[in-house]
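Just below is one structure, and these are the notes that go with it.
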Amino acid sequence: MNQHLFEVVNQPIAVDEIIKKVSRRDAGAITTFIGTVREFTKGKKTLSLEYQAYVPMAVKMLSQIGDEIKEKWPDALTAITHRIGKLDITEVAVVIAVSSPHRKTAYEANEYAIERIKQIVPIWKKEFWEDGTKWIGDQLETKEYPEGKPSKEM
Amino acid sequence: MNQHLFEVVNQPIAVDEIIKKVSRRDAGAITTFIGTVREFTKGKKTLSLEYQAYVPMAVKMLSQIGDEIKEKWPDALTAITHRIGKLDITEVAVVIAVSSPHRKTAYEANEYAIERIKQIVPIWKKEFWEDGTKWIGDQLETKEYPEGKPSKEM
Amino acid sequence: MINVLFFAAIREEAGVEQVTVDKQDITVKELKEYVQKTYKLSSLKQTMTAVNEEFVTDDETIGTGDTVAFIPPVSGG
Amino acid sequence: MINVLFFAAIREEAGVEQVTVDKQDITVKELKEYVQKTYKLSSLKQTMTAVNEEFVTDDETIGTGDTVAFIPPVSGG
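Which chain is which? The protein sequence lines are A, B, C and D, in order. Reminder that position 104 of the first sequence reads as 145 in the numbering used here, one-by-one numbering, no gaps. Reminder that position 112 of the second sequence reads as 153 in the numbering used here, one-by-one numbering, no gaps. Reminder that position 69 of the third sequence reads as 584 in the numbering used here, one-by-one numbering, no gaps. Reminder that position 62 of the fourth sequence reads as 577 in the numbering used here, one-by-one numbering, no gaps.
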């Protein structure tokens, strides 16, 4: 089941499919996070992106995030799909869907998932600009580092 | 444009359509909240729900929520569709989609929207149980009442 | 003439969606009392009021041609 | 024999995705130094390490047949 809930794919992601995976009779709230390719980052124009992953470990880490959520919010159900390969502006790179009986949990667990993806899941993006390319490192928007591996390098 | 972003409909909601409304080149994050009909509420089994709205005012209030979000988070774009009529278990009652350049805003503005819907939008739900029916009143999960109309009764 | 709209439990109690009340220049509070008595409603205390689709307080004066909606605690979402 | 995987900028620097290193029972730290020299990599300091798909520290000892992945700061999502 976890295999199915957590995936790394090289095709466009159908958001509805991810939502379906967490839809259930005892959930009244489903939140999704959809990460898309943004045209401008800090004033610089992105032409396209390429995502690369250490696929088996990335799936494993996504599944671990699901386990962490289960522990923190026992009535939440999470599904995550990350796309790799070349993506154009506005294309969907990642979809996180969380269902739960009540909305607060669905929001919190969803935000937790994206923060953890940016910490522990071995996926990298390369930006293509008009004047060059670059593999991007740590892009955490938060300063604090929650507990859990990895510990210091990020 | 606001007419299009904020709607009350009596047909099933296609989540993808609502997401499309807020998708744009300068947004890297889209959050959605999908409110579905839950089977059990406090141990009581719901067979189905009926939503009723004061439609023109409901659309106006949804649009006002969009304005409030614009003021608090200027780079957020919001779309909300609420369904009315008879709904079965797991059917989608409301979809809120918020896009923004950064994810924090998309989560915060989205959660703000659902809280405000439960305060100021004239939509009511009637629960159908095995042993009766009831129009449901205030179901705010939070205790505090944020500023803004309406003031005290809820 | 004031156009009055009922919703949800109040609508079921009143047995109608909409009525026309032959009054003008009365306050929301006065209209509430009149409507409650006329339609034998259990209570309008928890009920908010909108005049022409805007929330108002009980002190608001209603003019002729206005549309008044009694808004019980909402439960959408 | 240790199976070593490179990703992202490190992969571009190394010019290969994967190499086999004829060592065993060395620490991650030692392997990092060896690989950095051999493939003329600018730095592996910011780089985390996974052995058989589990994150490990630089003190971890690597055995024969293990798969070691050097994981530069991630940027998915």
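All C-beta atoms in this analysis are idealised placements derived from N, C-alpha and C, irrespective of residue type, glycine included.
(message) The alpha helix (DSSP H) that contains valine 100 of chain A, what's its start and end?
(response) Within the first sequence, residue 100 of chain A is the residue found at index 59, counting from 1. Membership of valine 100 of chain A in the alpha helix (DSSP H) is indicated by the continuous run 96-113.
Review point. Between which two residues does the beta strand (DSSP E) carrying lysine 39 of chain B extend?
Key: The structure shown has nothing for residue 39 of chain B, since chain B only spans 42 to 195.
message = At a CB distance below 9 Å, what residues from the segment 545-562 of chain D approach chain A? Give them in sequence order.
response = Close to chain A, meaning a Cβ-Cβ distance shorter than 9 Å, are the following residues of the segment 545-562 of chain D: Lys560, Gln561, Thr562.
Just the C-alpha distance for threonine 535 of chain D and isoleucine 155 of chain A, rounded to the nearest angstrom, thanks. Here residue 535 of chain D refers to the residue found at position 20 of the fourth sequence. Here residue 155 of chain A refers to the residue found at position 114 of the first sequence. Between threonine 535 of chain D and isoleucine 155 of chain A, the C-alpha separation is close to 34 Å.
Exercise for the section: Express the C-alpha separation of glutamate 58 of chain A and valine 50 of chain B in angstroms, rounding to a whole number. Expected result: Residue numbering aside, residue 50 of chain B sits at position 9 when the second sequence is read from its first letter. Residue numbering aside, residue 58 of chain A sits at position 17 when the first sequence is read from its first letter. Distance between the alpha carbons of valine 50 of chain B and glutamate 58 of chain A is about 23 Å.
Assigned exposure category for histidine 123 of chain B - 16 Cβ within 10 Å defines buried:
What you label residue 123 of chain B is simply residue 82 of the second sequence in a count that begins at 1. Buried, since its Cβ has 16 or more Cβ neighbours within 10 Å.
Open item on the list: I need the DSSP call for tyrosine 92 of chain B, collapsed to helix, strand or coil.
Closed with: The count along the second sequence starts at 1 and reaches residue 92 of chain B at position 51. Looking at tyrosine 92 of chain B - three-state DSSP - the assignment turns out to be strand.
Tell me, to the nearest whole angstrom, how far the beta carbon of glycine 596 of chain C is from that of valine 135 of chain B; I am working on the premise that it is less than 8 Å.
Since the displayed chain C opens at 516 and closes at 592, residue 596 of chain C lies outside it and no answer follows.
Problem - Through-space distance from glutamate 569 of chain C to valine 583 of chain C, alpha-carbon basis - result: As a first step, residue 583 of chain C is located in the third sequence; it is residue number 68 there, counting from the start. As a first step, residue 569 of chain C is located in the third sequence; it is residue number 54 there, counting from the start. Rounded to whole angstroms, valine 583 of chain C and glutamate 569 of chain C show a C-alpha spacing of 9 Å.
**CB contact check: glycine 76 of chain B to chain A, cutoff 9 Å** = As a first step, residue 76 of chain B is located in the second sequence; it is residue number 35 there, counting from the start. For glycine 76 of chain B, the nearest beta carbon of chain A is closer than 9 Å to its own beta carbon.
Item to complete: With isoleucine 71 of chain A as the anchor, note down where its beta strand (DSSP E) starts and where it stops.
Response: Residue numbering aside, residue 71 of chain A sits at position 30 when the first sequence is read from its first letter. Per DSSP, isoleucine 71 of chain A belongs to the beta strand (DSSP E) from 70-77.
In this structure, does DSSP put leucine 546 of chain C in helix, strand or coil? Walking along the third sequence from the start, residue 546 of chain C turns up at place 31. Collapsing the DSSP output to three states places leucine 546 of chain C in a helix.
*Among D:Asp581, D:Gly580, D:Lys547, D:Ile517, which residue has its Cα nearest to the Cα of aspartate 574 of chain D?*
By one-based count along the fourth sequence, residue 574 of chain D stands at place 59. Ranked by Cα distance from aspartate 574 of chain D, the options D:Asp581, D:Gly580, D:Lys547, D:Ile517 are led by D:Lys547.
Inset, instruction - With a threshold of 8 Å, establish whether the CB of leucine 556 of chain D neighbours any heavy atom of the ligand SAM. - result: The ligand SAM is not part of this structure, which contains no ligands at all.
Query - chain A contacts made by the segment 579-590 of chain D, where a contact means CB separation under 7 Å - result: Result list: Ala584, Ile586, Pro587, Pro588, Val589, Ser590.
Task: Extent of the continuous beta strand (DSSP E) to which glutamate 168 of chain B belongs - done: Walking along the second sequence from the start, residue 168 of chain B turns up at place 127. Start and end: 164-170.
Q.
On a Cα-Cα basis, can you pick out the residue from C:Ile577, C:Ser557, C:Leu556, C:Pro587 that is closest to threonine 542 of chain C?
A. The sequence position of residue 542 of chain C within the third sequence is 27, counting from 1. By alpha-carbon distance to threonine 542 of chain C, the top candidate from C:Ile577, C:Ser557, C:Leu556, C:Pro587 is C:Ile577.
Exercise. By a C-beta neighbour count over all protein chains shown, 10 Å radius and 16 as the cutoff for buried, is leucine 520 of chain D buried or exposed?
Worked result: Working through the fourth sequence from its first residue, we reach residue 520 of chain D at position 5. Residue burial annotation: leucine 520 of chain D is buried, with at least 16 other C-beta atoms found within 10 angstroms of its C-beta.
For phenylalanine 81 of chain B, does the count of other Cβ atoms within 10 angstroms reach 16, so buried, or fall short, so exposed?
Along the second sequence, one-based indexing puts residue 81 of chain B at 40. Exposed, since its Cβ has fewer than 16 Cβ neighbours within 10 Å.
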